[in-house]
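> Chains as they are written, first to last, in the working numbering: chain Y, 32 to 244; chain S, 34 to 509.
(1) Closer than 7 Å between beta carbons: that is the criterion. Which residues of the region 206-230 of chain S meet it against chain Y?
(2) Mind checking residue 146 (chain Y): buried by the 16 CB within 10 Å criterion, or exposed?
(3) Give the secondary structure of residue 454 (chain S) by DSSP, where H, G and I count as helix, E and B as strand, and everything else as coil.
(4) Would you mind telling me which residues of chain S sit closer than 9 Å to residue 47 (chain Y), beta carbon to beta carbon, in chain order?
(5) Does DSSP put residue 244 (chain Y) in a helix, in a strand, or in coil?
(6) For residue 313 (chain S) versus residue 259 (chain S), is the C-beta distance shorter than 7 Å?
(7) Counting only beta-carbon atoms, is residue 175 (chain Y) nearer than 7 Å to chain S?
(8) Where DSSP assigns a beta bridge to residue 87 (chain S), which residues make up the other side?
(9) Looking only at its chain, what residues have a beta carbon closer than 7 Å to the beta carbon of residue 135 (chain S), apart from the 5 residues adjacent to it on each side?
(10) Under 9 Å between beta-carbons, which chain S residues line up against residue 215 (chain Y)? List them in chain order, please.
(11) Suppose only complete runs of 3+ residues qualify. What are the beta strand (DSSP E) ranges in the region 396-429 of chain S, listed by chain order?
(12) If we cut at 7 Å on Cβ distances, does residue 286 (chain S) have a partner in chain Y?
(13) Cβ closer than 7 Å: which chain Y residues qualify as neighbours of residue 201 (chain S)?
(14) Am I right that residue 76 (chain S) and residue 103 (chain S) are in contact with their C-beta atoms under 8 Å? What's the rounded C-beta distance?
(15) Have a look at Y:156, Y:131, Y:194 and Y:150 and flag the residue whose alpha-carbon is nearest the alpha-carbon of residue 40 (chain Y).
(16) Taking 7 Å as the CB-CB cut-off, is residue 124 (chain Y) touching chain S?
(17) Counting pairs of Cβ atoms below 8 Å between the region 52-69 of chain Y and the region 171-189 of chain Y, do you hit three or more?
(18) Quick one, are the C-beta atoms of residue 233 (chain S) and residue 286 (chain S) less than 7 Å apart?
(19) What is the C-beta distance between residue 202 (chain S) and residue 136 (chain Y), in whole angstroms, given that I count them as a contact (C-beta under 8 Å)?
(20) Looking at chain Y, is there any beta carbon in it that lies within less than 7 Å of the beta carbon of residue 194 (chain S)?
(21) Note down, in chain order, all residues in the region 172-192 of chain S with a beta-carbon under 7 Å from any beta-carbon belonging to chain Y.
(22) Just by C-beta distance, which residues in the region 231-249 of chain S are closer than 8 Å to chain Y?
(23) Would the beta-carbon of residue 273 (chain S) fall within 7 Å of that of residue 247 (chain S)?
(24) Can you pull the chain S residues whose beta carbon is under 8 Å from the beta carbon of residue 148 (chain Y), in chain order?
(25) Which two residues bound the contiguous alpha helix (DSSP H) that contains residue 357 (chain S)?
(26) At a Cβ cut of 8 Å, what residues of the region 135-154 of chain S count as close to chain Y, listed as they run along the chain?
(27) With 7 Å set as the bound, which would you pick, yes or no: does the beta-carbon of residue 89 (chain Y) sit closer than that to a beta-carbon of chain S?
(28) For the region 70-78 of chain Y against the region 86-95 of chain Y, do three or more pairs of beta-carbon atoms, one drawn from each stretch, fall closer than 8 Å, so that the two count as touching?
(29) To which residues of the same chain is residue 254 (chain S) closer than 8 Å at the C-beta, ignoring the five residues directly before and after it?
(30) Counting only beta-carbon separations shorter than 7 Å, does residue 333 (chain S) have a partner in chain Y?
(31) Would you kindly work out how many angstroms separate the C-alpha atoms of residue 187 (chain S) and residue 448 (chain S), rounded to a whole number?
(32) Return helix, strand or coil for residue 168 (chain S), following the three-state DSSP convention.
(33) Would you please verify whether the beta carbon of residue 44 (chain S) is less than 7 Å from any beta carbon of chain Y?
(34) Inspect the CB distances between the region 329-348 of chain S and the region 463-481 of chain S and report whether three or more fall short of 8 Å.
(35) Are the region 208-217 of chain Y and the region 222-231 of chain S in contact at 8 Å, needing three or more beta carbon pairs?
(36) Output yes or no for whether 7 Å exceeds the beta carbon distance between residue 356 (chain S) and residue 487 (chain S).
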């Protein structure tokens, strides 16, 4: 089990780094779907090995929500934006370096957690936290609403992975609340972003500069 | 039962209001707000008598702190609800009232559940319920404000989720077979046995996460925009109680962290963030240009003061902080509601464009002056008492430098607020009278100001006991 969960968490981190490296929006979206599917697989594996049938349901919900409904909403938000929104000459080398540094940071921050446990899934915990940190990084450096939202969802995926690896999933009520919440955020964001686009003809947040001081 | 009633009323009201419009909606809206306040008062009375009230097999639980917060939510929601019909055109009722009561409901749920996971869901729910209230006026600026609000608060609360996961992790690692591992009462009982380093890490996440919601600097950046762009009743709710709901979540976890990691750890962090918030607020308040933003930054200031009280600790500091939450809720909601009237009359929220307020709008102007003096912490109002309690606790517990610095920053903010108020109240008045409100519409606001005077001069019976009860809940 340890080998499988470690490998899946590692793959998740690789996909996360690929999202940072990838500049075209449809590519990023496909990678996000891949990340979500990996998480669902991880949930399934842990559910089977630990014997928690509830986790099988959670895995199904992850596939439905994060690999289908949310990517569809993201595709709607992104429809009509240029495939490569990045300014010419912009390279993803620096973000990629930062993301790699964040992996180290994640290992350091999660030291107390790793030293407090002997779970078989222990090895994946810092990797999941690194996914979360990189998501946060993508979110705060995002230039448009899509970047922000994608970063937030990656952050959320990372935290989901963390909860899964460290505690084999939260109590059902909380888990359900989290899923509903992510869906609601994406749908609300879609509403707000579509309004922004109607008003500003763009979803670049740099153009939002009404409020100062 | 009493707890269920408190949560059922706003939820039922919100559901009913989605299918209503026009004058009927206003009536149901008023009834819902009044019913919520009454249910909160009943709950507070029951908690004073019995110590704590539970429902749904302990999932919902109200102790003295919950009852205090629920009463404040009820009070501010009632004040805001009374003002709402002035701000919401009849035709737009369907876009406002259901979300208003849903927003109130999420806040009430956050403070009355014993399950910290459900509390997290409810706090996130407050953001979701209020996003479209911020954007109610559909202006460009309010759209931008609601975008920032949704994004920053969602990220913040997701960080708090990481903290909650770590607390749960620590709990199940040490005590795997506990039946309700995420209940606050369970956590408090087990806290001395939890791994200190993990709880410290979790508390940092929780403080940053819920602190974002509470408007603590440097995570406050969403706050001035959302508060100034939202319609006045929503600003009043956000500033008056939403920020304190964020603080409430921090408070619950501070009690756990104190037992698991020693009291100094959380206290030091709170003092540092409190001073940072005071500093940021003082810098802006030195020369504000927009009075709604001024009130918003003053909220950052007061959240900072509350954090100082919690960080200084001791029964005096905690009681002062909790009392300050209440005082600030009343003063700030009155000010935001009045600022809505001023904005409607003058057509702008810029301070230089408003002058002669006392002559042009005698009723509103006087109310604004009185509430402003209360907010600045002058006697005989409650904020004076709670600030004295907080800073006395600071000197008592040996945080002399922090308390002195805090006081200095308060003076800076005070002078800025005073200058801005003076500028708005006096000077040449517009030729025509701008006051449109009948004097009866000022009664609820007057009642809130009266409560503030009571909190400053003569505490109502039971207040001292309630504050003592809360302080003993939260600290040694």
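No residue lacks a Cβ here, since even glycine has one placed at the ideal position from N, Cα and C. Everything numeric in this text was worked out from a predicted model, so none of it was measured.
This is what the structure gives:
(1) 206, 215, 228 and 230
(2) Along the first chain, read from residue 1 onward, the residue named residue 146 (chain Y) stands at position 115. So residue 146 (chain Y) counts as exposed.
(3) Position 421 of the second chain, counting from 1, holds the residue named residue 454 (chain S). Helix.
(4) Against the first chain, residue 47 (chain Y) aligns to sequence position 16. What residue 47 (chain Y) touches in chain S: nothing, since even the nearest Cβ is about 16 Å away.
(5) Along the first chain, one-based indexing puts residue 244 (chain Y) at 213. For residue 244 (chain Y), the pLDDT reaches just 44, beneath the cut-off of 50, and the residue's location in the model is therefore unreliable, leaving the point undetermined.
(6) Numbered from its first residue, the second chain carries residue 313 (chain S) at position 280. Numbered from its first residue, the second chain carries residue 259 (chain S) at position 226. Contact: no.
(7) Locating residue 175 (chain Y) in the first chain gives position 144, where the first residue counts as 1. It does not: the Cβ of residue 175 (chain Y) has no partner Cβ on chain S nearer than 7 Å.
(8) Reading the second chain from its first residue, position 54 is the one you call residue 87 (chain S). Answer is S:94.
(9) Along the second chain, one-based indexing puts residue 135 (chain S) at 102. Within the same chain, residue 135 (chain S) has close Cβ partners 47 and 162.
(10) Residue 215 (chain Y) sits at position 184 when you count from the first residue of the first chain. 157, 158 and 161, listed in chain order.
(11) none
(12) The sequence position of residue 286 (chain S) within the second chain is 253, counting from 1. False, the Cβ-Cβ gap to chain Y never drops below 7 Å.
(13) Here residue 201 (chain S) corresponds to residue number 168 of the second chain, with the count starting at 1. Under the 7 Å cutoff, chain Y gives 198 and 201.
(14) To locate residue 76 (chain S), count along the second chain from 1; it is residue 43. To locate residue 103 (chain S), count along the second chain from 1; it is residue 70. Confirmed, Cβ separation roughly 6 Å.
(15) Along the first chain, read from residue 1 onward, the residue named residue 40 (chain Y) stands at position 9. When each option's Cα is compared against that of residue 40 (chain Y), the closest is Y:156.
(16) Walking along the first chain from the start, residue 124 (chain Y) turns up at place 93. It does not; no Cβ of chain S falls within 7 Å.
(17) yes
(18) Reading the second chain from its first residue, position 200 is the one you call residue 233 (chain S). Reading the second chain from its first residue, position 253 is the one you call residue 286 (chain S). Not closer than 7 Å, so no.
(19) Mapped onto the second chain, residue 202 (chain S) falls at position 169. Mapped onto the first chain, residue 136 (chain Y) falls at position 105. 19 Å between Cβ atoms; not a contact.
(20) Position 161 of the second chain, counting from 1, holds the residue named residue 194 (chain S). Residue 194 (chain S) counts as touching chain Y.
(21) 173, 174, 176, 177, 178, 179, 180, 183, 184, 187, 188 and 191
(22) 231, 233 and 234
(23) By 1-based counting over the second chain, the position of residue 273 (chain S) is 240. By 1-based counting over the second chain, the position of residue 247 (chain S) is 214. No. Outside cutoff.
(24) As a position in the first chain, residue 148 (chain Y) is number 117, starting the count at 1. By Cβ distance, chain S contributes 202 and 206.
(25) For this step, residue 357 (chain S) is matched to residue 324 along the second chain. Start and end: 347-379.
(26) 148, 150, 151, 153 and 154
(27) The residue given as residue 89 (chain Y) occupies position 58 in the first chain. It does not; no Cβ of chain S falls within 7 Å.
(28) yes
(29) To locate residue 254 (chain S), count along the second chain from 1; it is residue 221. Correct list, in chain order: 181 and 185.
(30) By 1-based counting over the second chain, the position of residue 333 (chain S) is 300. It does not; no Cβ of chain Y falls within 7 Å.
(31) By 1-based counting over the second chain, the position of residue 187 (chain S) is 154. By 1-based counting over the second chain, the position of residue 448 (chain S) is 415. If I take the Cα positions, the gap works out to 35 Å.
(32) For the purposes of this step, residue 168 (chain S) is taken as residue 135 along the second chain, with counting starting at 1. Of the three classes helix, strand and coil, the one that applies to residue 168 (chain S) here is coil, per DSSP.
(33) Translated into positions along the second chain, residue 44 (chain S) becomes position 11. Output row for residue 44 (chain S): interface = no.
(34) no
(35) no
(36) Residue 356 (chain S) sits at position 323 when you count from the first residue of the second chain. Residue 487 (chain S) sits at position 454 when you count from the first residue of the second chain. No, the pair does not count as a contact, with Cβ atoms beyond the cut-off.
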